[in-house]
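Student: Below you'll find the structure I mean.
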Amino acid sequence: MTELQLRSILREGYQWLRQGRYSEAIHLAERACLEYPDQAHLLELASEAHLAHGDPHTAGERIARAAAVASAPLALLIKYASLLVQLRRRHDALSVARQAHALAETDGTALWRIGALYSACHDVCAARDTYQQALGLLGEPPPLLYDLATMQFFGGEFDAAETTLQRLLQLAPGAGDALYLRATLRRQTAQRNHLDDLRQRLQHTVLAEPSARAAALYALAKEQEDLGLHADAFQTLTAAATGKRQTLQYDVAAECAQIAAVRQCYDQTALRALQPGHGGEGLIFIVGLPRSGTTLLERLLIQHGDARSAGELMDFGMVLGEATARVVSAHPGLTAVQASLKIDFAALGQEYLRGAREVVHGHLVVIDKMPINYLYCGLIATALPKAHIIHLARDPLDTCYAMYKTLFYNAYPFSYALDEIGEYYLAYRQIMQHWHAVLPGRILDVHYEALVSETEQQIARVLHHCGLAATDTVPELSAVAFVTASAAQVRGEVHQRSVRSSRRHLAGLAPLVKQLQDAGVSLPQLNELDAAIGQ
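Following this note's numbering, the numbering of the sequence shown begins with 6 at its first residue and continues without gaps.
The structure is reproduced here in structure tokens:
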């Protein structure tokens with residue numbers, strides 16, 4: 006093949022991809038690959054075409070062949086590893102990422118991307134080290150400094166993270182995300198805080214960008230609350246949440262309708278009619294709303310039982326979504342929830358289990374701490390009948406307030422307006438009541454208030470439910486990464502400071518309280534609230 010012929014095929018193939026003509030691009034690329042099987046650029050085109058057409062498996066095969074025959078395979082190896090991550094083949098992705106790493110010693114941009122691959126494969130230490138290596142070649146781009154600080158935060162290296170963030174903020178004074186991460190690294194004190202710094206930054210146009218300003222306000226509210234300035238903190242938090250909500254396009258009613266659809270479709274009759282999967286031994290799903298105590302329970306189980314955590318895995322929802330999409334493609338008249346009743350639940354469980362075990366390197370007892378899996382309790386019980394489901398329940402107002410005061414970035418968009426938090430909480434409450442009704446005895450409720458006040462008894466209760474014996478070998482938390490917003494708090498001593506913390510803000514939360522109480526939600530210790538609502 007001449008260079009001119011190759012360029013002509015590539016030009017035509019990528020033009021068809023840009024036009025959305027994926028079948029034509031696949032046909033062109035595959036025909037050319039048959040004739041020239043060792044042409045890396047054609048194999049790369051075929052991979053891109055299959056990926057655009059929704060077939061990452063074939064795309065991965067083509068890009069692997071391209072990397073094998075290419076004279077300079079670094080970029081192709083990175084693409085291949087990215088596809089493997091998408092396919093949840095994390096062990097293979099790590100292997101390919103390491104191959105790429107060996108070729109990227111002097112390529113800072115490639116190292117940055119490889120660090121992101123390590124992070125996606127839950128290897129926080131490798132990601133941190135690779136980001137540091139990239140910094141030595143690229144200088145100090147603020148986004149790379151932020152990625153490094155995030156890995157340091159997840160790994161419990163809070164002093165190092167603060168040093169990294171201070172350097173970042175010198176270079177980019179308006180980096181709101183960095184200001185918020187800095188505030189969350191530790192509990193601020195009167196002797197050590199950033200109140201003056203945050204107020205000065207907020208007074209200048211350096212934080213004029215709405216998302217950055219909202220993040221800085223969240224940082225200020227967090228530090229004010231740490232220092233006991235509760236009235237100031239709530240006022241700042243209200244401004245932060247309002248600013249963040251204005252940056253989002255989101256419909257809480259539509260999301261709650263989807264939750265209701267799951268509840269309606271997965272009734273007891275439907276669940277009994279499903280063909281169950283098999284296995285799931287050693288799997289522990291910790292579910293609930295964010296900020297309800299799921300990370301604390303995860304940490305305590307790691308310390309007390311022979312368990313390893315896979316973190317907040319998105320795998321169950323992803324595998325379910327892929328299986329559902331195939332059914333919808335064959336039956337276009339079905340909604341996604343209706344289609345999910347027709348999937349192969351045994352295959353769902355097997356594929357989920359394969360990916361989860363890879364994260365913990367084959368360990369038998371695996372914790373999946375993705376809170377949002379509460380949506381799928383009935384599906385989990387069907388696909389993995391021997392798995393254990395632990396539901397973290399917390400005081401309703403404390404739960405809502407804890408979500409309201411947290412900046413989640415790209416998750417939980419309902420958490421930035423009190424009325425939307427209330428609506429979502431009620432949908433969550435209804436579906437959890439439903440799962441308990443249709444799966445009697447299958448889900449163990451653990452109350453946050455009991456977990457922090459009678460910790461040993463509650464952990465013994467959970468271990469018994471999961472069929473686990475307490476272990477005398479307690480792993481060092483310094484060796485455990487917690488990839489979650491509460492990565493700092495969870496490493497401290499178990500405390501009760503957050504119990505009833507919402508009661509400090511009864512006047513500000515009054516509309517939410519009324520919304521919850523009107524729906525029949527019991528809110529303990531609210532005797533003083535009547536006066537606040539009346540006012």
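Ideal placement from N, C-alpha and C gives every residue a C-beta, glycine not left out.
1) Using a Cβ distance threshold of 8 Å, determine whether the region 284-299 contacts the region 378-391, with at least three qualifying pairs required.
2) Is it true that the region 308-321 meets the region 364-377, where meeting means three or more beta-carbon pairs spaced less than 8 Å apart?
3) In terms of residue numbering, what span does the alpha helix (DSSP H) encompassing residue 159 cover?
4) Any idea if residue 179 is buried or exposed, counting beta-carbon neighbours within 10 angstroms, 16 or more meaning buried?
5) Output the boundary residues of the beta strand (DSSP E) element that contains residue 291.
6) Would you list the residues sitting across from residue 195 in a DSSP beta bridge?
7) Is the CB-CB distance between residue 341 and residue 282 below 9 Å?
8) Cα-Cα, which of 23, 25, 66 is closest to residue 42?
9) Can you tell me whether DSSP reads residue 538 as helix, strand or coil?
10) Less than 9 Å between the beta carbons of residue 307 and residue 433, yes or no?
11) Could you tell me how far apart the beta carbons of residue 312 and residue 370 are, in whole angstroms, since I believe they sit closer than 8 Å?
12) Since I believe residue 102 is in contact with residue 136 (beta carbons under 8 Å), could you give me their beta-carbon distance rounded to a whole number of angstroms?
13) Quick one: using the 10 Å Cβ neighbour count with 16 as the cut-off for buried, is residue 74 buried or exposed?
14) Is it true that the CB of residue 337 sits closer than 9 Å to the CB of residue 411?
15) Report the option in 236, 40, 55, 39 whose CA atom is closest to the CA atom of residue 27.
16) Output needed for residue 528: all residues of its chain with C-beta closer than 8 Å, excluding positions within five of it in sequence on either side, in chain order.
17) Ordered along the chain, which non-local residues of its own chain (more than five positions away) have a Cβ less than 8 Å from that of residue 328?
18) Fully enclosed by the region 349-412, which beta strand (DSSP E) runs are 3 residues long or longer?
19) Looking at the structure shown, is residue 100 part of a helix, part of a strand, or coil, going by DSSP?
20) Could you have a look at residue 526 and say whether DSSP puts it in helix, strand or coil?
21) Where are the alpha helix (DSSP H) runs, 4 residues long or more, that stay fully inside the region 178-241, in chain order?
22) Could you have a look at residue 257 and say whether DSSP puts it in helix, strand or coil?
23) Taking the CB atoms as reference points, tell me whether residue 86 and residue 114 lie closer together than 9 Å.
24) Should the region 259-279 be regarded as contacting the region 421-439, the criterion being three or more beta carbon pairs within less than 8 Å?
25) What separation, rounded to the nearest whole angstrom, lies between the Cα atoms of residue 301 and residue 415?
26) Is DSSP giving residue 533 helix, strand or coil here?
27) Considering Cα atoms alone, identify which of 24, 380, 404 is closest to residue 322.
28) Run through DSSP, which three-state label would residue 20 get?
29) Around the Cβ of residue 408, are there at least 16 other Cβ atoms within 10 angstroms (buried) or fewer (exposed)?
30) Can you give the Cα-Cα distance for residue 539 and residue 515, rounded to whole angstroms?
31) So residue 220 and residue 184 are supposed to be a Cβ contact under 8 Å. How far apart are they, rounded?
32) At which residue ranges does the region 61-135 contain complete alpha helix (DSSP H) runs of 4 or more residues, listed in the order of the chain?
33) Evaluate residue 462 with the Cβ neighbour count: other Cβ atoms within 10 Å of its Cβ, from every protein chain shown; 16 or more gives buried, anything less gives exposed.
34) With 16 other CB atoms within 10 Å as the buried threshold, where does residue 536 fall?
35) Within this structure, are the beta carbons of residue 30 and residue 53 separated by less than 9 Å?
36) If you measure between the beta carbons of residue 456 and residue 499, is that distance less than 9 Å?
Tutor: So, to answer that:
1) yes
2) Put simply, the region 308-321 touches the region 364-377. At least three CB pairs are less than 8 Å apart.
3) Bounds of the alpha helix (DSSP H) holding residue 159 are 147-159.
4) buried
5) 288-292
6) Answer is none; residue 195 lacks a bridge partner.
7) no
8) 66
9) Low confidence applies to residue 538: its pLDDT is 43, below 50, so where it sits in the model is not reliable enough to give any reading.
10) no
11) Contact holds; Cβ gap of about 4 Å.
12) That belief does not hold up - the Cβ atoms of residue 136 and residue 102 are roughly 13 Å apart, past 8 Å.
13) exposed
14) no
15) 55
16) 400, 401, 402, 518, 521, 522, 534
17) 345, 348, 349, 352, 353
18) Complete beta strand (DSSP E) runs here, min 3: 371-373, 393-398.
19) helix
20) coil
21) 181-189, 200-207, 215-231
22) helix
23) no
24) yes
25) 22 Å
26) Reliability fails at residue 533, whose pLDDT of 48 lies under 50, so the model's placement of it is uncertain and no value is given.
27) Taking only the C-alpha atoms, the option nearest residue 322 is 380.
28) DSSP places residue 20 within a helical segment (H, G or I) once states are collapsed to three.
29) buried
30) Model confidence at residue 539 stands at a pLDDT of 44, short of 50, so the residue's coordinates are unreliable; what they give is reported in the following sentence. Spanning the two alpha carbons is a distance of roughly 10 Å.
31) Taking the Cβ atoms as the reference, residue 220 lies roughly 6 Å from residue 184, within the contact range of under 8 Å.
32) Runs of the alpha helix (DSSP H) inside the region 61-135: 61-74, 79-91, 95-108, 113-125.
33) exposed
34) Below a pLDDT of 50, predicted positions are generally treated as unreliable, and residue 536, at 44, falls in that range; no measurement from the model is reported.
35) yes
36) yes
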